[in-house]
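Q: Please find one structure pasted underneath; my questions will follow.
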Amino acid sequence: MSSILTLTFKDLTLLFRDKAGLFWILAFPLLYTGFFGMVLGGAGGGGGSSGLSIALVDEDRSSGSAALIAELLANDSLKIARQEEDQDSPVLTDMETARMLVGKGKRVAFVQIPPGFGDHPFAIFSGETTARLRVGVDPTRSAEAGFLRGILTQCAFKATFSRFGDRELLALEIKAGREALSAQTDLIGPQKLLLNGLLSALGTFVEGANFDALGLGGEGAGMGDLNMMEMVQVQPDARAKPASAFEVSLPQGLVWGLMGVALGFAVSIVRERTQGTLLRLRTSPLSLFQLFAGKALACLAGCMLTMTFLIGVGVLALNVRIGSPGLLLLGMLATSFCFTGIMMVSSIMGRTEQAVAGASWGAMMPFAMLGGGMIPLVAMPPWLVSASDYSPFKWAILALEGAIWRDFALADMLQPCLILVATGFAFYALGLLGYRRVAA
Amino acid sequence: MRGEPTLTIQGLHKTFGNLVAVHDLSLEIGAGEALGLLGPNGAGKSTVIAMLTGALTPDKGKINLQGLGSPVDPKVRALIGVVPQNLALYDELTPEENLRFFGRLYGIGGKELRARVDWCLDLAGLSSRKKERVGTHSGGMKRRLNLACGLMHDPKILICDEPTVGVDPQSRNHIFDSIERLCDGGTTLLYTTHYMEEAQRLCDRVAIMDQGHLLAIDTVDALVEEHGGDSLVHAKLKAGLPTDHQLHSAMQGLTLAHRTTAPIEAVASLLQVQDSVVELRIDRPDLEQVFLSLTGRSLRD
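Order-wise, the sequence lines are chains A and B.
As numbered in this note's numbering, residues -13 to 426 make up the first sequence, in order.
As numbered in this note's numbering, residues 299 to 599 make up the second sequence, in order.
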């Protein structure tokens, strides 16, 4: 064991004395974390969207709901999207999904257009309460609830005003009013006559009026918050959201640092072979197992030290909060194990340092990009998210995020951690087998 | 061979694809003996060394070191010190750190480690620069440290694979002196080179290899006597030799070039009849001649 530790200490010394290598292992991941954290919104909140992300549920499917949806979609302050797996229409049809999205923190709020909403196009003026919009806001984003109410009111008024220019709709409403008036028993005859006359005059006005000249259907005036929506409670999912965008960008930065460590050790194996130190090591009393166990332990320790440093900087300088230090340690170990395997398999990708460095970067880059190393998983299109399952980087990021901000339980951590450990084992074995071929 | 064999090689054979790198090699090296393995590039010397150190597995044949078995066994490998042809050093470490690292791999620690490090630094002449990274050292210094790293664990047999390649004369002499000190101290030496001068200076016996085959093995004098051929007597004269002189036929103008097994007698006969010798030289055959005689090619071809 002491021989393995001797090898490990030597390799770590070499790793941290390589100034150019240190840039890629420590400085670049920090730059990445800082830059993308700022781009994604800095410490002001995760999510990475300039607009409020909401889920919209249309249970009415009328021309009235369509007018409101059109206004909401056109509003720059809102970002409306369905679940990632279905992009045909931005509008949902079931409340369960909408509640789930808000509960998991994937949307700030849901807006439900209830059945019958379109039957009462001017209900916002009448105090009608049977078909009000139902709005559920993520309780952790309550500060944005008022802003959302204002946007919804504005859009509802715009939709309603646009319908003032609909001659047929107004005629139908006047007709319905006259029918309701005739059925009314509380009013006396002169009152009914007077109101009938008013509706007839209104009907004549609607038939001959120039709505464009009146400006109806254009921009609505600022309206107060009328009794047009009902706020409903949303139970947040047990899983949390990142407190800042740095909590999203830090795990990404970490995997870039780990790539640097893995690549550094992969190149060092080739360098030992080409410079002759491997021959000296192999002629020592060390077995091949001890030799590569030393390399693996060094890589594992290098990964752990690198992550510890980067997370430390993240906590101290970027205000990153660690959800569960214990689970973070588990995630770091599993991730380090995986990258140790990646190191081993990278070392057999060529016979020279240049070949290994080039081939390893070439092979790792697509996996890194696919696995969320470049584009956050939450910002990926559905097909890319599905494809990312095949990238160990995705599981590494998930394991780290799980412990940092996703509030994973131990059971939640098991899947990514087991995948990482299994991948590490497979790659390590593949690397050892390949070593015999390359070294021959 | 002198003493009991430290290393015994029997029928060693190694091929790489269609290339026969080493063909049926058998030899013994006695305790404290210095054996040179002489041959041109591609002769199979480094392959032999790789097999002797356990880095390569022979296709056929046996290696036995001090009666303990083959170098596949880590305990047997611990008896061997290796000085590879490449500079097997870590440039980012200091000489002291390099030596400590290699020493620890052999289980050396504490005071013994410090003492061995100091001894090796002294041997390499690097005590004053032991704290500077190896990457800042000259090629000669690195070569000396390369030798010292192979001696950290005080090996029973030292295997040097062309340890003076690309070395300046000063460092080369330093390395020779160091190896001679080791040999005088009883260390067994296997030394590969394609410089015959090195083999002649350092080795008790020389094995000549070419294209994987062992062509001859003996002392330098014996090899020269058996395979070196005639000496060459060179002379420049003021006047020609009499026509009845035994060397007359070797004259070209006023220059004599005469091959003979008895050069002293030839010179004596020349001086008897000719007192106007301007220049006289006897070229005795050397290992280069031996190699030429055995292979029809020069060592440096």
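We put the CB at the ideal spot given by N, CA and C, even for glycine.
Counting contacts by CB-CB distance shorter than 8 Å, is T304/B in contact with chain A?
A: no
Q: Name the two residues that bound the continuous alpha helix (DSSP H) containing A41/A.
A: Element bounds for A41/A: not the alpha helix (DSSP H) but the beta strand (DSSP E), 38 to 44.
Q: Check each candidate in H532/B, V522/B, Q308/B, S476/B and name the one with the smallest Cα separation from M494/B.
A: Nearest of H532/B, V522/B, Q308/B, S476/B to M494/B, Cα basis: V522/B.
Q: Flag G30/A as yes if its beta-carbon sits less than 8 Å from any beta-carbon of chain B, otherwise no.
A: Unreliable positioning characterises G30/A in this predicted model, as indicated by a pLDDT of 49, which lies under 50. The coordinate reading is nonetheless provided below. No, because no Cβ of chain B sits closer than 8 Å to the Cβ of G30/A.
Q: Anyone know if the C-beta pair for D384/B and L443/B falls short of 8 Å?
A: What sits at residue 384/B in the sequence shown is Asn, not Asp. Against a cut-off of 8 Å, the Cβ pair of L443/B and N384/B comes out as no contact.
Q: Taking the straight line between their C-alpha atoms, what separation do you get for E430/B and D584/B?
A: It is roughly 42 Å from the alpha-carbon of E430/B to the alpha-carbon of D584/B.
Q: Find the nearest neighbour of N316/B within the set A413/B, L545/B, G510/B, H435/B, judged by alpha-carbon distance.
A: G510/B
Q: Please return the same chain residues whose Cβ sits closer than 8 Å to the Cβ of L480/B, not counting the five positions on each side in sequence.
A: L449, L456, L487
Q: For G246/A and I334/A, which I take to be in contact (beta-carbon distance under 8 Å), what is that distance rounded to the nearest angstrom?
A: With a Cβ gap of about 19 Å, G246/A and I334/A do not count as contacting.
Q: Determine, for G527/B, whether the minimum Cβ-Cβ distance to residues of chain D falls below 8 Å.
A: The question asks about chain D, but that chain is absent: this structure's protein chains are A and B.
Q: Applying the criterion that 16 or more other CB atoms from any shown protein chain within 10 Å of the CB defines a buried residue, is Y421/A buried or exposed?
A: buried
Q: Give me the subset of the segment 360 to 379 of chain B whose CB atoms are less than 8 Å from a CB atom of chain A, sorted by chain position.
A: Residues of the segment 360 to 379 of chain B that bring their beta carbon within less than 8 Å of a beta carbon in chain A comprise P369, P372, K373, R375, A376, I378, in sequence order.
Q: Does the pairing of the segment 15 to 24 of chain A with the segment 228 to 240 of chain A give three or more beta-carbon distances under 8 Å?
A: With the cut-off at 8 Å, the segment 15 to 24 of chain A and the segment 228 to 240 of chain A touch.
Q: Please identify, using Cβ separations under 8 Å, the residues of the segment 379 to 405 of chain B that lie next to chain A, in order along the chain.
A: V380, P382, Q383, N384, L385, A386, L387, Y388, E390, L391, E395, F399, F400, R402, L403, Y404, G405
Q: Quick one: using the 10 Å Cβ neighbour count with 16 as the cut-off for buried, is A385/A buried or exposed?
A: buried
Q: In the DSSP output, what is P303/B paired with across the bridge?
A: P303/B is bridged to G328/B.
Q: Using the Cα positions of T355/B and W369/A, report the straight-line distance between them to the nearest angstrom.
A: Cα to Cα, the separation comes out at about 50 Å.
Q: Can you list, in chain order, the stretches of the alpha helix (DSSP H) that have 4 or more residues and sit fully within the segment 330 to 383 of chain A?
A: 339 to 356, 368 to 373
Q: Is the beta carbon of V241/A sitting closer than 8 Å to the one on A95/A?
A: Contact annotation: V241/A and A95/A have beta-carbon atoms that are not nearer than 8 Å.
Q: Give me the subset of the segment 233 to 264 of chain A whose CB atoms are less than 7 Å from a CB atom of chain B, sorted by chain position.
A: When C-beta distances to chain B are compared with 7 Å, the residues of the segment 233 to 264 of chain A below that value are Q261, G262, T263, in chain order.
Q: Going by DSSP in three states, C289/A sits in which element: helix, strand or coil?
A: helix
Q: If the cut-off is 8 Å on Cβ atoms, which residues from the segment 442 to 464 of chain B count as contacting chain A, listed in chain order?
A: C447, G448
Q: Verify the CB distance criterion: does D4/A have a CB-CB separation below 8 Å to chain B?
A: yes
Q: Please report how far the alpha carbon of A397/A lies from the alpha carbon of C285/A, in whole angstroms.
A: 27 Å
Q: Under a Cβ-count criterion, where at least 16 other Cβ atoms within 10 Å of its own Cβ denotes burial, should H360/B be classed as buried or exposed?
A: According to the sequence displayed, residue 360/B carries Lys and not His. By the neighbour-count rule (16 or more Cβ atoms within 10 Å), K360/B is not buried but exposed.
Q: Would you report the Cα separation of S374/A and A349/A, rounded to the nearest angstrom?
A: 15 Å
Q: Ignore the nearest five residues each way along the sequence and tell me which others in V463/B's own chain have a CB closer than 7 Å to its CB.
A: Q383
Q: Using the DSSP secondary-structure output, state which residues sit across from M549/B in a beta bridge.
A: L554/B
Q: Report all residues from its chain with a CB closer than 6 Å to the CB of L236/A; omit the five preceding and five following residues, and keep chain order.
A: These residues qualify, in order along the chain: T19, G300, V306.
Q: Only counting runs of 3 or more residues, tell me where the beta strand (DSSP E) segments fall wholly within the segment 418 to 504 of chain B, in order along the chain.
A: 455 to 459, 486 to 491
Q: How many angstroms separate the CA atom of I66/A from the CA atom of A56/A?
A: 11 Å
Q: Short of 8 Å Cβ to Cβ, which residues in the segment 347 to 360 of chain B face chain A?
A: A348, T351, G352, A353
Q: Going by Cα to Cα distance, which pick from S469/B, E496/B, A548/B, P467/B is closest to L535/B?
A: A548/B
Q: Determine the chain B residues that contact T269/A at a beta-carbon separation under 8 Å, and present them in chain order.
A: T351, G352, A353, P369, R375, I378, V380
Q: List, in order along the chain, the chain B residues whose C-beta lies closer than 8 Å to that of L272/A?
A: Here the neighbours are P372, L403.
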